[in-house]
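The block underneath contains the structure these notes are about, expressed in structure tokens.
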């Protein structure tokens, strides 16, 4: 298992890597997402599957995939209004995301916990390709 989190200083973005992170390391990284200095974290398992969480301050874009194929799935917010958009900073870049593709901190944290437990998407959540 590996944790990567971006660290932005002015115009520069670097990746901080924690090999074999603890649950506390991952929880701290998730809590540090602020759409400014830290805008994305990725947890990668030994098989190359990953979960990434971007954004911060109550609005998170969560997706899963694997490095050996291009399939990605995005966690959905079933309570979001159709057609709405939310501006987020993810991996240092500002962008507009469909409101249905943006979740709260509790949902993001639960998706990460399930990935850590099983390596799979949370079965109780809605995901889209």
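Numbering (the numbering used here), first residue to last: 4 to 132.
Ideal Cβ positions, reconstructed from N, Cα and C, are used throughout, including at glycine.
Residue environment, residue i, which counts as buried when at least 16 other CB atoms sit within 10 Å
i, result
"residue 81", "exposed"
"residue 36", "buried"
"residue 12", "exposed"
"residue 43", "buried"
"residue 104", "buried"
"residue 23", "exposed"
"residue 18", "exposed"
"residue 9", "buried"
Beta-carbon contacts of residue i that lie in its chain and below 7 Å, excluding the five residues immediately before and after
i, result
"residue 28", "6, 21"
"residue 88", "99, 100, 101, 102"
"residue 114", "54, 65, 78, 125, 128"
Whether residue i touches residue j by CB criterion (8 Å)
i, j, result
"residue 79", "residue 131", "yes"
"residue 56", "residue 110", "no"
"residue 4", "residue 51", "no"
"residue 91", "residue 58", "yes"
"residue 61", "residue 26", "no"
Residues near residue i by beta carbon distance below 8 Å, same chain, minus five either side
i, result
"residue 76", "66, 67, 68, 124, 130, 131, 132"
"residue 122", "48, 50, 52"
Own chain, CB closer than 6 Å to residue i, minus 5 neighbours either side, in chain order
i, result
"residue 117", "125"
"residue 40", "11"
Original post:
At which residue ranges does the stretch 44-74 contain complete beta strand (DSSP E) runs of 3 or more residues, listed in the order of the chain?
Top reply: 52-59, 62-69
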